[in-house]
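**Q** Per the numbering used here, the sequence shown starts with residue 86, numbered consecutively.
Heads up, the beta-carbon is just placed ideally off N, CA and C, and yes, glycines get one too.
Quick one: this structure, given as C-alpha cells, is what I'll be asking you about.
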Amino acid sequence: MAFLKQYISEIYQAVSSLLKGMKTTGSYFVRPKEIITQQYPDNRADMKIPERFRGEVVMTHDENNEHACTGCTACELACPNATIKIVTKFDTTPEGKKKKALDTFVYHLELCTMCNLCVEACPTSAIKMAQTFEHSVYDRSQLLKKLNKPGSKLRAGVE
C-alpha cells in the first residue's frame with residue numbers, strides 16, 4: 086500500500102510542477118513584462134550583443150601593421166579540434182642568431198567551436214574573440230582565414 090501512496094504522491098508533484106510552469110508561461114503570453122525576442126535582421130542598427138559573446142578568433146594589429154604573435158603555437162596546442170594551424174619560419178636577428186617567427190596564422194572557422202581556449206592560452210594576448218556572428222557563405226573555402234595581414238611583423242618588445 087505504501088508503494089501506491091508514493092506513486093500517487095509523485096504524480097501529484099509532477100502535475101503540480103507542470104501547472105506552475107504553465108502558469109508562468111501563460112502569464113508571459115497574456116501580459117509580457119519585457120520583450121526579449123529581437124527581430125533580426127530588421128534591428129541590425131540597434132542590436133545589443135552581449136560583451137562576452139564569442140564570434141570568431143581575430144588577430145589584433147596596430148596602426149603600423151604589427152602584431153604580438155610570436156609563433157609559439159600555444160593556441161594551436163590548446164585548440165581541441167585543430168582549428169588553428171601556425172606556420173613558422175626562422176628569421177635571423179641582427180646579432181646573427183636564428184629566431185622562430187610567425188609566417189602564417191591559419192584559422193578554420195568551419196571547425197571552430199568558439200570555446201575561447203586558444204585566447205586563454207596565448208601568452209602575448211595576440212588573438213581575441215570578435216563580436217562578428219554572420220558567417221553564412223556559399224563556399225566553404227571562404228571560412229578558411231589567414232589572420233596575420235600581408236606584410237605584418239612582430240611588434241617590438243614582444244618576446
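What does the Cβ neighbour count give for phenylalanine 257, buried or exposed, with the cut at 16 atoms within 10 Å?
**A** An answer regarding residue 257 cannot be provided, because it is not within the stretch 86 to 244 covered by the chain.
**Q** What distance in whole Å lies between the Cβ atoms of cysteine 203 and isoleucine 169, which are believed to be in contact at a cut-off of 8 angstroms?
**A** At roughly 6 angstroms, the Cβ-Cβ gap stays under 8 angstroms, so isoleucine 169 and cysteine 203 are in contact.
**Q** Does the Cβ of threonine 155 have 16 or more other Cβ atoms within 10 Å, making it buried, or fewer, making it exposed?
**A** By the neighbour-count rule (16 or more Cβ atoms within 10 Å), threonine 155 is buried.
**Q** Classify alanine 153: buried if its beta carbon has 16 or more other beta carbons within 10 angstroms, exposed otherwise.
**A** Buried is the call here.
**Q** Note down, in chain order, each residue of its chain lying with its Cβ closer than 8 angstroms to the Cβ of glutamate 205, except the 5 sequence neighbours on either side.
**A** Only Ala163 meet the Cβ criterion.
**Q** By how many angstroms is the C-alpha of asparagine 128 removed from the C-alpha of alanine 159?
**A** Alanine 159 and asparagine 128: Cα-Cα distance of roughly 39 angstroms.
**Q** Suppose only complete runs of 3+ residues qualify. What are the beta strand (DSSP E) ranges in the stretch 158-239, listed by chain order?
**A** Runs of the beta strand (DSSP E) inside the stretch 158-239: 169-177, 183-193, 212-215 and 229-231.
**Q** Does DSSP classify tyrosine 86 as helix, strand or coil?
**A** Per the sequence shown, the amino acid found at residue 86 is methionine instead of tyrosine. In the structure shown, methionine 86 sits in coil (DSSP, three-state: anything other than H, G, I, E or B).
**Q** So which of Met214, Val172 and Tyr223 has the shortest CA-CA distance to proline 135?
**A** For proline 135, the nearest C-alpha among the options comes from Met214.
**Q** Whole angstroms are fine: how far does the CA of leucine 239 sit from the CA of aspartate 147?
**A** Straight-line Cα distance between these residues: approximately 11 angstroms.
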